[in-house]
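Chemist: In terms of my numbering, the sequence shown opens at residue 152 and continues consecutively. Ideal placement from N, C-alpha and C gives every residue a C-beta, glycine not left out. Got a structure for you, questions after.
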Amino acid sequence: MNKGLIGCLGIGGIILFIVLIGGCAVAGSYNRLVGLQQKVDQSWAQVQNVYQRRADLIPNLVNTVQGAANFEKSTLTEVTNARASVGRVQIDPNHAPVDATKLQEFQQAQGQLSAALSRLLVVSERYPELRATQNFQNLQAQLEGTENRISVERGNFNTAVQDYNTAVRTFPTNLFASMFGFQPRPFFEAQAGAEKPPTVNFNFGSPAAPPAATAAPTP
């Protein structure tokens, strides 16, 4: 075997080795992105599950509250309308959205429902006969637990999105991400005013207090 052939084989072996190493790097990056994307979608599905659990509790809650004499109908209407608005937001429950606008629309609808439920529960404080019923107590406890779970699952989702987005934007994985169509995903964001409790008028429907008496003028 002449030296030229040996040299060609050596160069071919080196090229093959580089191609194999590069292929393994591409495969590894791709598989990592797939795994992170799956984790995002899994976290999104959990978010959807807890939001759906809350939506399923609302009809029973509304029926229970309707049984209270003179309960504010506007509060019940607000909850019912907010739940309907949530149902009109069409979003895939199994795949996290790529469009930030779509996620904001979903978050806004869920935020309106959260605010309406908060007002309903606060207003219910004025109806001791309602709060004394076992069914209402059970529903309130389930709703409070669900709200806590929503907060946890949204945090888990944001963590999964952060890990995925970091991989998508970090060199050299970002080269493969662009090649295979992996796009950054939007986060849940804290809404303005979300840290403030809803304003509730506890004197709703009560007669106004009489004006304070003034002292008679000194003669």
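#1: Quick check: Leu184 and Ala311, are their CB atoms within less than 8 Å of each other?
#2: Leaving aside the five residues before and after Asn211 along the sequence, list all residues of the same chain whose C-beta is less than 7 Å from its C-beta, in chain order.
#3: Tell me whether the beta-carbon of Ala267 lies closer than 8 Å to the beta-carbon of Pro337.
#4: Can you tell me whether DSSP reads Val249 as helix, strand or coil?
#5: Should Ala247 and Val303 be called a contact, given that it needs their Cβ atoms to be closer than 8 Å?
#6: Indicate the three-state DSSP secondary structure (helix, strand or coil) for Phe339 in the structure shown.
#7: I'd like the span of the alpha helix (DSSP H) that includes Ala219, first residue to last.
#8: Specify the secondary structure class of Tyr278 as computed by DSSP and reduced to three states.
#9: State the start and end residues of the unbroken alpha helix (DSSP H) segment that holds Gly332.
#10: Leaving aside the five residues before and after Thr324 along the sequence, list all residues of the same chain whose C-beta is less than 8 Å from its C-beta, in chain order.
#11: Going by C-alpha to C-alpha distance, which of Ile242, Ala233 and Val237 sits closest to Leu271?
#12: Would DSSP call Thr226 helix, strand or coil?
#13: Roughly how many angstroms lie between the CA atoms of Pro348 and Lys224, to the nearest whole one?
#14: Distance, Cα to Cα, Gln293 vs Met330?
Modeler: Quick look at the numbers:
#1: No, they are not a contact pair.
#2: Answer for Asn211: Leu290, listed in chain order.
#3: Not closer than 8 Å, so no.
#4: For Val249, the three-state secondary structure derived from DSSP is coil.
#5: No, the pair does not count as a contact, with Cβ atoms beyond the cut-off.
#6: The answer is coil: DSSP assigns Phe339 none of H, G, I, E or B.
#7: It is not in any alpha helix (DSSP H) - Ala219 carries neither H nor E in the DSSP assignment.
#8: Here Tyr278 sits in coil by DSSP.
#9: Where Gly332 is concerned, there is no enclosing alpha helix (DSSP H), given that its DSSP letter is neither H nor E.
#10: These residues qualify, in order along the chain: Ser180, Arg183, Leu184 and Ala318.
#11: When each option's Cα is compared against that of Leu271, the closest is Ala233.
#12: The three-state secondary structure of Thr226, taken from DSSP, is helix.
#13: For Pro348, the predicted model reports a pLDDT of 43, less than 50, meaning its position is unreliable; a value from the coordinates is still stated below. Distance between the alpha carbons of Pro348 and Lys224 is about 21 Å.
#14: If I take the Cα positions, the gap works out to 46 Å.
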